[in-house]
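Participant: The C-terminal residue of the sequence shown carries number 927 in this note's numbering, and the numbering is unbroken.
For every residue, glycine included, the Cβ atom is placed at its ideal position computed from N, Cα and C.
If you're wondering where the values come from, they're calculated on a predicted model, not measured in any experiment.
Okay, handing you the structure first.
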Amino acid sequence: MVNGFGLAMPPNSNVAPSLTSNHIMGKAIDMTILWTGEMTVNDKAGNSTKVQFSTNVNTNTQLHKVGASYGVYKLTSDAPHWSHNGR
Ligand SMILES: [Zn+2]
Numbered sequence: 841m842v843n844g845f846g847l848a849m850p851p852n853s854n855v856a857p858s859l860t861s862n863h864i865m866g867k868a869i870d871m872t873i874l875w876t877g878e879m880t881v882n883d884k885a886g887n888s889t890k891v892q893f894s895t896n897v898n899t900n901t902q903l904h905k906v907g908a909s910y911g912v913y914k915l916t917s918d919a920p921h922w923s924h925n926g927r
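Here it is, written out as structure tokens:
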């Protein structure tokens, strides 16, 4: 099940499952975003932004800004977690 659903387990996630999570409401997603070097993406307003890959997604504020422009916010204490409110 862990492999089939790509569930985040330690060390990728150290946050225990919650019954009040944004996942329950369908307002959160756990995902890993990988690319090489620098990518150019558009934010929601159409502004081109260069984002450098970082092995620590929790500190990649450029990527967080692009996500936020689409209303998808990073929970910086949980590597794969993004949601509508950052929790
Ligand atoms: Zn999550």
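Given a cut-off of 9 Å, decide if Y910 and H904 are closer than it, judged by their beta-carbon atoms.
Facilitator: Looking up residue 904 in the sequence shown gives position 64. Looking up residue 910 in the sequence shown gives position 70. In this structure, Y910 does not lie closer than 9 Å to H904 by Cβ.
Participant: Quick check on K914: does DSSP put it in helix, strand or coil?
Facilitator: Here residue 914 refers to the residue found at position 74 when the sequence shown is read from its first residue. Three-state result, K914: strand.
Participant: Thinking C-alpha only, which one of W875, G907 and D870 is nearest G886?
Facilitator: The residue labelled residue 886 in the question sits at position 46 within the sequence shown. It is G907 whose Cα lies nearest to the Cα of G886.
Participant: Could you give the residue range of the alpha helix (DSSP H) that holds A908?
Facilitator: Looking up residue 908 in the sequence shown gives position 68. A908 -> alpha helix (DSSP H) spans T901 to S909.
Participant: For V897, does the three-state DSSP call read helix, strand or coil?
Facilitator: Translated into the one-based positions of the sequence shown, residue 897 becomes position 57. Three-state DSSP puts V897 in a helix.
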